[in-house]
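One structure below.
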Amino acid sequence: MTSADKRRLVIREMAHSELLFVETIHASAFGRDEEARLPHAIISAGHDVISVVAVDGDYFVAHALFTALEGADRALALGPVAVVPDRQGEGIGARLVRFGLDLARERGWRSVFVLGEPGFYGRLGFRAQLAKGAVVPWAGPNFQALELVPGALDGWSGVLVYPEAFTPGDEQD
Ligand SMILES: CC(C)(COP(=O)(O)OP(=O)(O)OC[C@H]1O[C@@H](n2cnc3c(N)ncnc32)[C@H](O)[C@@H]1OP(=O)(O)O)[C@@H](O)C(=O)NCCC(=O)NCCS
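Its first residue numbered 1, the sequence shown is counted upward by one per residue in our numbering.
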C-alpha cells in the first residue's frame with residue numbers, strides 16, 4: 001500500500017445503515033455465512049458494541065466488532081474481524097483492531113477477549129496466558145486476552161458469558 005493509499009483509507013465507527021456492507025466483508029473473507037450473520041444478530045439484539053470499519057472511497061474493506069461480555073468487569077469480546085481478500089496483508093486488519101482498542105480504552109472498557117490466530121493477535125498485545133482464568137467452551141492456545149487497563153485481569157477467573165448469537169444452537173444447559 002502506498003502512502004497515498006494509506007491516506008485514502010478511513011478507519012472509523014460503523015453507522016447502523018452500513019450493516020449490509022459489513023456482512024459482505026465477512027462473507028468474502030471467511031467464505032461462509034456464519035461470521036457474516038453475527039454483526040447483524042448482535043447489534044439488532046441491542047448488545048453494547050464497538051463496531052469499526054475501514055473504508056477506501058466507497059469500498060468497505062474491513063470490519064471488526066467488539067461486544068460486551070458478562071462475567072468479567074467491563075470486558076469485551078473481539079470478533080468477527082475481517083479484511084476483504086484483495087486487501088489482506090497490507091496492515092489494515094492491525095490498524096483497524098488498534099483503532100477499536102483505543103476507542104474501547106477511552107470508553108472505560110478494561111479487557112478484551114478473542115479467539116483467533118496468535119500470529120495476528122499476539123502482535124496486537126493479546127496473550128493466551130491472560131485468558132487462562134476464563135471458563136469458555138473454546139478455551140485453548142487460540143483463546144487470548146488483552147488488558148486495556150494494566151492488571152485488569154490479575155487474579156480474575158470465572159465464566160465468561162457471550163451473547164447467544166456467538167453460540168447458535170447452544171441451549172446453555
Ligand atoms: C486475519 C485478518 C483479519 C488479518 O488482517 P490483515 O489486514 O490481512 O493483516 P495485517 O496486514 O494487518 O497483518 C498484521 C500482522 O499480522 C500477521 N498476520 C496477519 N494474518 C495472519 C494470520 N492469519 N496468521 C498469522 N499472522 C498473521 C501479518 O503477517 C502481519 O505481520 P507483520 O506486522 O509482521 O507484517 C485478515 O487476513 C482476514 O480477514 N482473514 C480472513 C478472516 C479471518 O481469518 N479473520 C480472523 C478471524 S480470528
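We put the beta carbon where it would ideally sit given N, CA and C, even for glycine. Note that this is a predicted model, so its numbers are computed, not measured.
Spatial distance of residue i from residue j (CA atoms)
i      : j      : result
Pro141 : Ala45  : 30 Å
Leu153 : Tyr121 : 18 Å
Gln88  : Ala62  : 9 Å
Leu53  : Gly31  : Residue identity differs from the one stated: residue 53 is Val in this sequence, not Leu. Answer to the nearest angstrom: the Cα atoms are 19 Å apart.
Ile92  : Phe60  : 12 Å
Leu101 : Asp73  : 16 Å
Gln172 : Glu35  : Legend: pLDDT at Gln172 = 44, less than 50; position of this residue unreliable, value from coordinates given subsequently. Those two C-alpha atoms are separated by around 20 Å.
Lys174 : Val49  : With the chain covering 1 to 173 only, the question about residue 174 has no answer from this structure.
His16  : Val22  : 10 Å
Gly57  : Asp86  : 15 Å
Phe99  : Glu13  : 9 Å
Identity of the residues DSSP links to residue i by a beta bridge
i      : result
Thr178 : Because the chain in this structure spans residues 1 to 173, residue 178 falls outside the shown range and cannot be described.
Close beta carbons around residue i, own chain, < 6 Å, minus the five adjacent residues each side
i     : result
Leu69 : Ala75, Ala77, Leu160
His40 : Leu19
Same chain only: Cβ atoms within 7 Å of residue i, ignoring 5 sequence neighbours per side
i      : result
Asp33  : Ala27
Leu96  : Ile11, Val52, Ala54, Ala62, Ala64
Gly125 : Leu146
Glu163 : Residue identity differs from the one stated: residue 163 is Pro in this sequence, not Glu. Result list for Pro163: Ile42, Ala45, His47, Thr67, in chain order.
Beta strand (DSSP E) runs wholly inside the segment 97-168, at least 3 long, in chain order: As for any beta strand (DSSP E) of minimum length 3 sitting wholly inside the segment 97-168, the runs are 111-115, 143-147, ordered along the chain.
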